[in-house]
Structures are given as C-alpha cells and as structure tokens.
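Chains as they are written, first to last, in this note's numbering: chain A, 522 to 1021; chain B, 522 to 1021.
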C-alpha cells in the first residue's frame, strides 16, 4: 500500500516485512515436515517450499529494490538502527543478485540428489558410490562461491562462510584454530588421565520411560525460562529449534537407554530459543531485528547447555529432579556422580556425540578439508584418506569405515559448505560471554544452583538478544566482554571445569 | 520462467500453479493453527496468513492475467479440460477483481472483530451485545455481494453462494427447500412415532478410553480407504478436513462419554478426504483439477457417513469391532442395537448435533434468514425473534436462549454468508449418487457389510472424483445419475431407512 508520503526507507521496511513473513511460513512448513508430515506428502511440500523460496528471491532481486536502497542511503534522517537495517538489507540483496537463478536451481537439484544418495552411502558405509554426486555438488558450490565472492568482494570460501556468519573470515579463524589444535591434544590427555585416575562414574540404571523424559525436559525448559505459551517441544529425527519468535518449535529425540542426550539436546535448543524469543519486538520482521549470525546463535545454545546446564551449580539443582523423574535413588543419582556424567570426556569418531573438549578437533579438521576441496587442492575421491589422516592427527584415532568417518555429517552432501567453523567459534563466544556475565552479575552461579536463570538470561537479553543485528559479532562481543572473539575464555573455562 | 515459446494458456497454468501452492502452504498453516499452535503464536500466524492471502490476490488481479486470458480464449487448440480450466481461471479472476482491496480489508477486520465478540455473546447467551458488530458485518457483506453481483451479473445472494458452489442459484434452491419443508415435518412425526413404539435402544456403557477411540477411528478410516502414507488424523476443537491431496489432515474431537460422535465425525471427514485424494493428478494445481464445489464436497462426506457408514450393512461389519475396541459385550453391543443408535432421530436445537432427517430444517431456516437479512427485509436486531418463529414452524421447538438459537453457528459472525444451503444440497446429491452407484454396482452393499469400500469408492472415483471441476454440478450429476440435482433420491432414502 505505497502512498505518496512513503519514504524509500519505509518502502524497504514494508518489502522486507513481507519477505520475513513468507520466510516464517516456510519455517513452520519445515517444522511440520520434520515432525508431522506423512511420507507421501514430501513432493507436495517441496513444491510449496520452492514457491515460497522463489517469492522471496523475487522480492530481493526486484529492480525497484536497488533504487529504494540508493534513495534510502542518501536519507540523512535515519538513526543507527535504521542505518544498520539498511546495510543488512543491502547485504541480503547483494547475496541474492550475485548468483544467477539457473545456478541456484542446479545447486538445489544437485543438493537434493546428493543428499538422497548420501543416506544410502552412509547406510552402506560406502563413500565410493557418492563420489560423482559430491564432486558435481562441490563444483557447483565452488561456482556459487566464486560468483558470490565476485559480487561481494570476498574470497570464495569467505563468501560462503559470510552467509552463515556475516563478517566471518577464514584468515581470522585459521590462526585461532591452529592455536586450539596445538592446545587441545595435550589438554585432552591431561583430562583423560585425571578421569582415569578417578575411575568411571556409576552407571545410571535405565530404562528411562519416554513420557518421564518428556516431563523432565519440559520442567527443565521452564526453569531455564522457556515460555510454553510461545512455543512447543516435539520429537523429530534430528533435533532443531525452528518456528518464529512468538511460536518457537523445539524438537528432540529420546532413547529409553539414556535420558541425558535427549535432555541436553533440549537444553541446547532452549538456548537457541531464548535468543529468538529475546529479539527486539520493535524490529520484528526487519533484517536488523534478526539474530546476528550462527556464531552468536551457537553461543546462546552452548551458553545454556555447556556453560550453565553442565555446571556443578545447575546439576545440584537438576540431579534430585532427574532422580525423581525416574524414581532413582542411591549413589548413582547423587549430584557429584551426575555431574561426572555431564562432564565426561572421551575421544570418539562422531562429532555430534563429542564433549566440549574434543568437539573443536572435529570442527577444525572439517574446516581444513572443506577449504581444500573447495580450492581444488583435495579431490573429492581422496576425502576418506585425508579424513583419516586428520582424525589421527587431531584425535589420535583411525575410523574403521566411512560411516564413522567422512559420511557422518549431512552438511557437505546437501550443500552447506562454510558452516562448520561457527560451532567452535560459538563455543568460544559462549565462554567469553559467560565469564563476562558472571563478572557483571556475581549472583548468576547461585541462581543456577537454585534453578533460577533470571540473572543469566537478564544479562543475555540486555547484552546479546536485544542487540539483534545492530552490531557486528566482534563489536557486540567487545561491548559485552571487553574484547573481540578469541579463545582465551574458552581455554580458561576448560581448565577450570576439567583440571581444577 | 516465461520463454518465447510459452503460449498464453501455458503462462496461465504456470501462474495458477503458483497460486495453488501458496494456497496449500496457507492450508497447512491453518491446520497447524488448529492443532498445534501455542496461543502466543496467534498474531504472528495471522501475519503470515495475511501475506499469503495478499500474494494470491495480487496474482489474480495482475493486469497481465487479463491479457493472457483474452489471448488463451482465442486459442483454437485447447481441449475440453483446458477450456474448462480457462473458464475456471476467468471465474476466479472475475471474483477477485470485482471487490476492491479496501472492502476486502474492512471485511476481514470486521469479520475478525465480530467473530471474537461472538464467542463472548455465545458464552453469555446474549445476542444484544453483538448486534452492532453483526450489523456492521452484514452491511459489509451486502456491499461485497452487490459488488460481486455487479461484476459477475448475478443477484447479490447468488454472488455469495456462487463462491462456495459455482452455479448455485437461490431461485433453483427455494422451491426444493419449500418442498422439503412440507415433506419433512410429517415424515419426522411418523419416524418418531415408530421409534417411540419400538422403545429406546440400550445404552452403550462408557466411559470410552480416548486411546481406544483413536485406534478404532484409524482402523475404520483404513477400511473406508484412507491412505495414512498420504494423511493424518489429529484432534482440534472443531473437526475439519484440511491439508493437500497428497497430505490430507483430518481432525476430530473425542468425548469419554460417547464414542459415536467422534467416530462418525471422522468418517464424515474421511469422505471429504477421499474426494481430495481422488482428484486427477494430471490437473493438480489447476483450477479445473480442484473439487467442483461445496455441494459435491458435502455429498462425499455424507456419502461415507450417512449413506454408507450408518447403513445396516456397514454396522454389521463395524459393531463387533466397536465392541472389541471397548471390551464391550452383551445385547447393547449387538448389531441391531448399534444400528438403532446410528439412525436415531430427534428434534433438537443444535444443527451440528442433528440427524439426517431433521438436519434440513436447520438449513432451510438459515437460508430464509440470511437472505432476508442480506436483502434488508430483516434487521439484525430482530434475528432472535425471527429465529424462534422459524424454529417453531420447522421443528416445533422454541429455543430457551440465543446460545441454542441464533448464536449457535459461527458462519454469519465470521462473514460466511451463502454457505448454509450447500449442506442440504450435499445430502440430496449424496442420496442421488449412492442410489446410482448401487444400481451400477450391485455389490456395493455386500462390500460395506464386509468392510470393503472398493466397489463404492471405485464408482465415486470414476464418476465424481476424477471429474474434478470439468463439469457443472448438475452436468456431473446428470451424467452419473441420469438427472440433475433433486430431492427425490433423498426422500426415497429417508423412507427406506426410517419407515421401511
């Protein structure tokens, strides 16, 4: 409803609001696909999602958008949030127009085909059958990276990374990861030696009824601050946090044999949810009002899961509630034993099962390998060998087959290249933010011990959530913690938790 | 993706395919709203649905669409389906452009406001508090009816009715309803006298566990032919059949005190579902490939619920399964007693609780009243009096208050005027189609007695579902049954079931 009095900036806000709402519709459809959709609905759903994607692309690529962006940039009356919003809009458009529609279509098709084949290859632990499809996809991803890089003035890898983490640069990440790669092996040895000396924790005797797990997860989410009038907890094959800020959809999966992964998964996703639920209402539907990027998003999930909920303080609150949920009693259910379970370290092959000490090794090797494949320095066919070599170097292990090796993660096979580094950068940011939060509000640990997350979440609301995308990740961290993103707080946290 | 070789007709198909997929996305979001959405998600969801609605409106009103329609109309190479598709497209556009955007917006706002207030008025059984809101809404509906009527060359009421049932005309309905209004009171007296002479059926002893009801409903849906790889059964406050042909979403509600309404509701919605699942795949996403209208849609739900599933034959199959589901035994669970429950007739105030004998009276009085209000012959403030008068005349009852009177249905209060007649026209069509089906395939009743719906559904697929919107309702009925829509088969059915 453009009227004569609408400014170019207002016109942009109106178009991006529409873009946002179409994206939200797609988000709910994706949640439904993972939780409810019967298998026979897949083709129809793909058609619906594809149209919504095309509609969003058309809004971003509309020629008039460029004119409005030019005109709004000349508007001297905009405040800091509006200017940041304008920059975020321009960035979105630049990414959309940099890649032509035909390449987007070929990538989408090649990604779907490769992902389908990946499921078979993983089941059979046979990498060879997917080499042609992954090679084709890698070539298309490289083509996209080059086009994006040219449009945005970035190196190709950075152009992909920037899509997940605006401002993320491999040149800044590489030395941090190199430093962690030096620090962690020896540190892990020390932790394992100490654990071995103490002996294993007592087994928590199962089975654990799924309904009891659901109830425990809900009550823990409520303790953390999740608002069930604005969200749900459901089940899906891969846990995720979806939906929209007023209607967050968290999923998890339960196993009767062990309740801890399901619960910790829920708490992890609750951290993502708190970020979304805490974004500024005034900037709802505008690019500047969205989460800053995947590094801060992962920092919020790891803040809740790793920093808060695996802490000795929170376990003091949670352990008796776990015991009550499963009618457990005796030494296995005591706080100290439960805490030993939640801080157990072990080198293993599978990234998603890794603890916070060994997790960075998994990320660092993927960062090396995806950059090498993208640059053409590593042939796709040679990935298993390179994978084994990196696994030996960083974890001291040799995978028995490709299903516990280079076939374990979906990312590369569905086209998500440049994503992996954000996991470990998020872990670093979480440690940095938590240390600053505790310094600013010393009552936080006592709060966790009482199941009261208000002090922690209050600090996060103010220093992270309410900032949305106003600042860069480094600017936000510098304001909140005194320094840009770095690994010192993460190392300090690991030393304190595992060797103190 | 228009290329130089795309014909105007092909361009239209492409635009209507997009329209269809956006509508499907909205359909899934509406299902989610009724089944899953937390209350706090309502505002965001309204925003998503509103954008999808605007997008569809923009496609229909786009100036280029008129040019493509003109050019395609001159195309001599189109076959009968394509020509019917073109006519359906033109009809959709004509309806969209006839009403200006401002009126659509005012109607939407007034409808939402009136519906909210209606819930309060109904709870308090106080019609007076909703008179101003309903008067305003009636005026806007009348304004829309006039605009649509002018654009389509129809009387205002017919212009509304036509939106639910293309080709539906009050002048054709009125004499049929007058005839039923003469026939039914005496017929109902006869049925009630006969029932009274026989005494009431034995009570079915509850409570009925909800889980057992769910299982029974699923197994009965499967017997009827519902494909659970292409659909789901869930729960919501108001039962409905939503989703898309490959992914049908049926909902119902259960009461521990009585399993029959929930089960019969599920079977009713399964009839709607079979129609959608049986539409021609070749015309998926095109207007001609959709259901013909609400009369045939309701005929399919009543075909399954009333004609098939309340028949003595089907109850012979279902009764032992009902008994098994609830561990029932003894005379109450015998076939004859269950069948007496499923064919019980009673005059009552509430339309949705009415049996098939008294249901038309509820519809006929609403048809009279909505036409009178729309024409300005009945003031909204005088509705309760007129309602009581009609209830006495057609049902011999006087409502105690407005909640069991003119406040019972949501339709008028959320702007759905001109819808009511389709319920009884659907019942007539169901009887007409069922009689023709049994004549063509005499094995149908034996099939029902064995829980085998293949003969019946096969005939429906061929004569109704696969025809989609190729023919008018009357043309389709004439081809399938030998005559256009009329009440003779319905009366014959009622006589045979209730007085034979």
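Idealized CB from N, CA, C, for every residue including glycine. Predicted, not measured: the structure shown is a model, and the values here were computed from it.
Looking at C-alpha atoms only, which residue of the options is the closest neighbour of residue i?
i	options	result
residue 728 of chain B	B:771, B:781, B:693	B:781
residue 933 of chain A	A:634, A:712, A:615	A:634
residue 814 of chain B	B:628, B:662, B:996	B:996
residue 799 of chain B	B:777, B:766, B:822, B:592	B:766
residue 867 of chain A	A:941, A:624, A:1019	A:1019
residue 824 of chain A	A:880, A:949, A:845	A:949
residue 690 of chain A	A:705, A:670, A:540	A:670
residue 543 of chain A	A:574, A:566, A:557	A:574
residue 875 of chain A	A:827, A:722, A:568	A:827
residue 558 of chain A	B:885, B:763, B:632	B:763
residue 980 of chain B	B:1001, B:1006, B:554, B:993	B:1001
residue 857 of chain B	B:841, B:872, B:846	B:841
residue 608 of chain B	B:990, B:664, B:939, B:804	B:990
Closer than 6 angstroms by C-beta to residue i: which residues in its own chain qualify, once you throw out the five before and the five after it? Chain order, please.
i	result
residue 1010 of chain B	952, 953, 956
residue 595 of chain A	none
residue 529 of chain B	589, 592, 593
residue 687 of chain A	814
residue 677 of chain A	666, 667, 670
residue 988 of chain B	997
Once you ignore the five residues that flank residue i on each side, which residues in its own chain have a CB closer than 7 angstroms to its CB?
i	result
residue 901 of chain B	652, 655, 656, 659, 894
residue 522 of chain A	Summary for residue 522 of chain A: the model assigns pLDDT 46, below 50, so the residue's position carries little reliability; its value from the coordinates is reported in the next sentence. For residue 522 of chain A, where only same-chain residues beyond five positions count, there are no Cβ hits under 7 angstroms.
residue 742 of chain B	754, 787, 791
residue 716 of chain B	866
residue 606 of chain A	807, 808, 809
residue 982 of chain A	799
residue 913 of chain A	919
residue 615 of chain B	672, 673
residue 860 of chain B	833, 836
If we cut at 8 angstroms on Cβ distances, does residue i have a partner in chain B?
i	result
residue 885 of chain A	no
residue 1015 of chain A	no
residue 1011 of chain A	no
residue 1020 of chain A	no
residue 807 of chain A	no
residue 569 of chain A	yes
Just the chain B side, please: which residues come within less than 8 angstroms of residue i by C-beta, in chain order?
i	result
residue 988 of chain A	Near residue 988 of chain A there are no residues of chain B at all, since even the closest Cβ is about 22 angstroms away, more than 8 angstroms.
residue 749 of chain A	559
So which residues of chain B does residue i contact, with C-beta pairs closer than 9 angstroms?
i	result
residue 576 of chain A	539, 543, 576
residue 767 of chain A	559, 561, 562, 563, 564, 565, 566
Please report whether the beta-carbon of residue i lies at a distance below 8 angstroms from any beta-carbon of chain A.
i	result
residue 572 of chain B	yes
residue 546 of chain B	yes
residue 526 of chain B	no
residue 523 of chain B	With a pLDDT of 46 at residue 523 of chain B, under the threshold of 50, the modelled position of this residue cannot be trusted; read the value that follows with caution. Chain A contact via Cβ: absent.
Against residue i, what residues of chain B qualify as contacts under a CB-to-CB distance less than 7 angstroms, listed in chain order?
i	result
residue 549 of chain A	550, 553
Check the Cβ of residue i against every Cβ in chain A and list those closer than 7 angstroms, keeping chain order.
i	result
residue 753 of chain B	557, 559
Please tell me whether residue i has its Cβ less than 8 angstroms away from any Cβ of chain E.
i	result
residue 918 of chain A	In summary, chain E is missing from the structure at hand, where the protein chains are A and B.
Excluding the 5 residues preceding and the 5 following residue i in the sequence, name in chain order all residues of the same chain whose CB lies nearer than 8 angstroms to its CB.
i	result
residue 546 of chain A	573
residue 975 of chain B	746, 968
**Message:** Give the list of continuous alpha helix (DSSP H) stretches no shorter than 4 residues that lie fully inside the region 765 to 794 of chain A.
**Reply:** none
**Segments of 4+ residues assigned as alpha helix (DSSP H) that fall wholly inside the region 883 to 941 of chain A** = 904 to 916
**Message:** Going residue by residue through the region 820 to 885 of chain A, where are the continuous alpha helix (DSSP H) segments of at least 4 residues, counting only ones entirely within it?
**Reply:** 833 to 846, 856 to 863
**Message:** Going residue by residue through the region 584 to 664 of chain B, where are the continuous alpha helix (DSSP H) segments of at least 4 residues, counting only ones entirely within it?
**Reply:** 584 to 594, 601 to 619, 622 to 645
**Message:** Threshold first: 4 residues or longer. Then list the alpha helix (DSSP H) segments lying entirely within the region 696 to 757 of chain A, N to C.
**Reply:** Taking only runs of at least 4 residues, the alpha helix (DSSP H) segments lying wholly in the region 696 to 757 of chain A are 731 to 745.
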